[in-house]
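Read through the structure below, which is laid out as structure tokens, and then see the notes.
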Amino acid sequence: MTRLERRHLRNGLLFCLPWLIGFSVFLLYPLVASAYYSMCDYSVLLDPVFVGLDNYRQMLSDPLFGKSLWNTAYYAMFSVGLGLVISLSLAMLLNVRLRGIAWYRTALYLPTLMPVVAASVLWAWMYNGESGILNSLLAKVGIEGPNWLADPSWAKFAMVLMTVWGVGNAMVIYLAGLQDVPVQLQEAAVIDGANWLQRLRHVTIPMISPVIYFNLIMGIIGSLQVFTRAYIMTGATGEPERSTLFYVLRLHNVAFQDLRMGYACAMAWVLFLIILALTLVLTRVSRKWVHYER
Amino acid sequence: MSANPLRRSRWYCHLPLIVLSVVFAVPFAWLTCSSLQPREQVGSIPPQWLPRMHYARIGSEDVAVTKPVAVGVDSVVVVPQSGPDKGKKVLAEARHYAPGPGEGMLTQPVQQSDAIVTVKVPARLVQRVPADWVRVEQWSVSKYVKAGQPEWYCLPPEAVRSATEPVWRNYPEAVRALTAEEKDKALPLGKLLAKSRLPWTHPRAPGRTITFLTYVVNTLVVAVLGVIGTVLSSSLVAYGLSRIPWRGRRVLFWLTVSTMMIPFPVLMVPLYSVFRALGWIGTLLPLWVPACFGGAFNIFLLRQFFMTIPRELSEAARVDGCSEFGIYWRIVLPLAKPALAVVALFHFLYAWNDFLAPLIFLTRPETYTIALGLQQYQSQHGGSEWHLLMAASALLVLPIVVLFFLTQRTFIQGIATTGTKG
Chain S
49 MTRLERRHLR NGLLFCLPWL IGFSVFLLYP LVASAYYSMC DYSVLLDPVF VGLDNYRQML
109 SDPLFGKSLW NTAYYAMFSV GLGLVISLSL AMLLNVRLRG IAWYRTALYL PTLMPVVAAS
169 VLWAWMYNGE SGILNSLLAK VGIEGPNWLA DPSWAKFAMV LMTVWGVGNA MVIYLAGLQD
229 VPVQLQEAAV IDGANWLQRL RHVTIPMISP VIYFNLIMGI IGSLQVFTRA YIMTGATGEP
289 ERSTLFYVLR LHNVAFQDLR MGYACAMAWV LFLIILALTL VLTRVSRKWV HYER
Chain C
1362 MSANPLRRSR WYCHLPLIVL SVVFAVPFAW LTCSSLQPRE QVGSIPPQWL PRMHYARIGS
1422 EDVAVTKPVA VGVDSVVVVP QSGPDKGKKV LAEARHYAPG PGEGMLTQPV QQSDAIVTVK
1482 VPARLVQRVP ADWVRVEQWS VSKYVKAGQP EWYCLPPEAV RSATEPVWRN YPEAVRALTA
1542 EEKDKALPLG KLLAKSRLPW THPRAPGRTI TFLTYVVNTL VVAVLGVIGT VLSSSLVAYG
1602 LSRIPWRGRR VLFWLTVSTM MIPFPVLMVP LYSVFRALGW IGTLLPLWVP ACFGGAFNIF
1662 LLRQFFMTIP RELSEAARVD GCSEFGIYWR IVLPLAKPAL AVVALFHFLY AWNDFLAPLI
1722 FLTRPETYTI ALGLQQYQSQ HGGSEWHLLM AASALLVLPI VVLFFLTQRT FIQGIATTGT
1782 KG
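First to last, the sequence lines map onto chains S and C. So in this note's numbering, spot 265 of the first sequence is number 313, and the numbers just go up one at a time. So in this note's numbering, spot 185 of the second sequence is number 1546, and the numbers just go up one at a time.
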């Protein structure tokens, strides 16, 4: 190693020092500790007691674990799926040259800025069965709305709908992707006689596929961790009939109400593994459909 | 920007965009309208949009009153001369009142919110009320500040007029409502806020109370310290990862990026026990100190930006004998201002909106952030007080919306970058 190389190594490590500390203390240690706690009986108040894979075994017989997993899968599927279609459609609508397009962009983006606590309080009020505005508007077009948050078969979907309202981030990312699609490609396709749908299918979608892939992964990771909206709109128990008891909500209750921190850590690790597996599968599959220019 | 045949758009492109903009704006409109309605109007079935106030002509004055309620049957207003409601105005059905030569007699019990039960007592007739008249109560904005029972009146319907008028006082009322101690809510607003406990208030300082201002200051402390911490530390690290050629930086970079996949719940419990061991639970420290050691996403964003700054600039400075820190501080940071602004903005938003971490780590009400304070209030008064909840929510959103309009360009570009440079 030359003197210069040594100096670079020293400087590089010095510059990265804050992160090396932060990474070890706030990420690596908690990660390892949580893996260990997941095999312990642990209540924070007392020292952890090693119990092997008991916590994981318990999960199999815990009906609320399955329930919360199903609720979360439902929510993730619909919010990611609907979110993808709607944010991409909005981005394509916005990808035009029009006077005042900036205003539309702002109008469609603004809901994303709403802090989730405020948005949840607002939507809880909109979903109110009797004096909420949503059912009143639906009644005007002749639809009798359900009692959204009080109806076990609608409460989850109500949360999905609220999420779709805030798709602005994905929309802006798609819009940026769409604006990067080279005009020549579209022109070439037009000259070849491709119609709008064919251009979408064979030019636009392949060109923005890395962005779709990115949003998809981010969407899945985010939606599997859904917590705040249920905690605020339908309470910590995930009413009605635990239909909005999402995974992290259940995890939070187990950890901070029942003080079963070991079991909570095991649940968290299962979530982590699910996320890892989904990401891996998507990445594997993505090689087939994601098109990288470089 | 040459003319692009594919993007040339017709007027009808406006149509779906207008419709969608309106649909997306409905919740905001409902938030605004609800937050400006008088207490009695929120929760009306079917819901109403525009806030409506009612005024009654009493003598020569216009008095703000509640929504008029039809009396329905021929009635009388009488004042009992004995019994528990002696001297109080009471509304009774006319057929239950036997007029006498001097004082009349109430023959049936009367039930009214502020009267107990008045039965068979002599009563003095004040007013006869025809069936088509209405009853109104004097209106007061605040549930917390009031002097005794509100005055009420029976009037012909034409004496009450209604006006579309926003109740701006719901906003100070919401600020009042988010005070922790019930007994402090009746104080004048200025005095109430002056009594606020702040993060630097001594724990045993007398006469201090937890108010909305406490929550605002807590949120700002967490957000501002976090922004300063993360901008400085993340840029240092990003510099180390992008502009100093040292062995291992690639590994560290990929390690950093891959940590973005770790869900917070995995770290939640051990972090809780670490912070507990440090005595940080119930303080603001867990919410901003970790930010001072860099954040994976911010490091990633800044590194990508630093890579675009020409390498020759650093080389030239090195030749001139500038230290590595000097290059970072005097050359790279000034050039990276737009990226730093994005990081600062994102972290501010994150800190302002965060809920799960404050919920877990802030166990004492004097450390609550606004989001947590609002949720706590909602969980205690949910299902009622929607006008105040909406006003408080609006107060939580407003700074963010203002910030967005001030920094729109940075903002939108920042978000777009996260998706396309990845």
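Don't be surprised by glycine CBs; every beta carbon is placed ideally from N, CA and C.
Identify, in the order they occur along the chain, each residue of the same chain with its Cβ nearer than 7 Å to the Cβ of F1722(C), setting aside the five sequence neighbours on each side. F1636, I1642, P1647 and L1648
Taking I1670(C) as the reference, which of P1549(C), V1583(C) and S1603(C) has the closest Cα? S1603(C)
Please name the residues in the segment 1421-1437 of chain C whose beta-carbon is closer than 9 Å to at least one beta-carbon of chain S, in chain order. none
Taking 7 Å as the limit between beta carbons, can you name the residues of its chain near L1516(C), skipping five residues before and five after? A1417, W1494, V1495 and V1497
Enclosing beta strand (DSSP E) for I1419(C) [first to last residue]: R1413 to I1419
Cutoff 8 Å: M1622(C) Cβ touching any chain S Cβ: yes
Only counting runs of 4 or more residues, tell me where the alpha helix (DSSP H) segments fall wholly within the segment 196-248 of chain S, in order along the chain. 203-213, 216-227, 231-239 and 244-247
Three-way DSSP call (helix, strand, coil) for C1683(C) in this model: coil
Can you tell me which of the three DSSP states P1441(C) falls into? strand
Which residues of chain D have a Cβ atom closer than 9 Å to the Cβ of H250(S), listed in chain order? No chain D appears in this structure, whose protein chains are S and C.
Under 6 Å Cβ to Cβ from L1411(C), same chain only, skipping five residues before and after it: list those, please. T1525
Delimiting residues of the beta strand (DSSP E) encompassing A1484(C): P1483 to V1490
Quick check: what's the CA-CA separation for W171(S) versus P1388(C)? 8 Å
Sort S1684(C), V1680(C), M1668(C) and H1708(C) by Cα distance to L1696(C) and report the nearest one. M1668(C)
Please check the pair G131(S) and A218(S), which I expect to be a contact at CB under 8 Å, by giving their CB distance rounded to whole angstroms. 6 Å
Using a beta-carbon distance cut-off of less than 8 Å, what residues from the segment 1630-1653 of chain C approach chain S? V1630, P1631, L1632, Y1633, S1634, V1635, R1637, P1651 and C1653
Beta-carbon spacing of S127(S), T211(S) below 8 Å: yes
With 8 Å as the threshold, decide whether the Cβ of M1751(C) is near any Cβ in chain S. yes
Within 10 angstroms of its Cβ, does H1563(C) collect 16 or more other Cβ (buried), or is it exposed? exposed
Just checking, does the segment 285-295 of chain S make contact with the segment 1722-1738 of chain C on the three C-beta pairs under 8 Å criterion? no
Whose C-beta lies closer than 6 Å to the C-beta of P66(S) among residues of the same chain, with five residues either side of it excluded? none
Just the C-alpha distance for Y175(S) and G267(S), rounded to the nearest angstrom, thanks. 24 Å
Which listed residue (P1719(C), W1615(C), A1520(C) and R1371(C)) has its alpha carbon closest to that of D1423(C): A1520(C)
Anticipated Cβ contact below 8 Å, G1655(C) with S1595(C), distance rounded: 5 Å
Amino acids of chain C, ordered along the chain, whose beta-carbon sits closer than 9 Å to that of H339(S): Residues of chain C passing the Cβ test: none, with the nearest at roughly 14 Å.
Can you give the Cα-Cα distance for A1453(C) and V1437(C), rounded to whole angstroms? 5 Å
Beta-carbon proximity check, T292(S) vs M162(S), cutoff 8 Å: no
What's the gap between the Cα of A1492(C) and the Cα of A1431(C)? 8 Å
Could one say the Cβ of C88(S) lies closer than 8 Å to chain C's Cβ atoms, at least one of them? no
Going by DSSP, what residue range makes up the beta strand (DSSP E) through Y1514(C)? W1513 to L1516
Quick check on E1676(C): does DSSP put it in helix, strand or coil? helix
Neighbour list for T327(S) in chain C, Cβ cutoff strictly below 7 Å: M1622
My output table needs one value for Q1739(C): the three-state DSSP class, helix, strand or coil. helix
Would you please state the rounded distance, in angstroms, between the beta carbons of L1392(C) and M1751(C)? I believe it to be under 8 Å. 5 Å
Work out the CA separation of W1690(C) and Y1600(C) for me, nearest whole Å. 10 Å
I'd like to check one pair, H1748(C) with R1413(C): are the Cβ atoms closer than 8 Å? no
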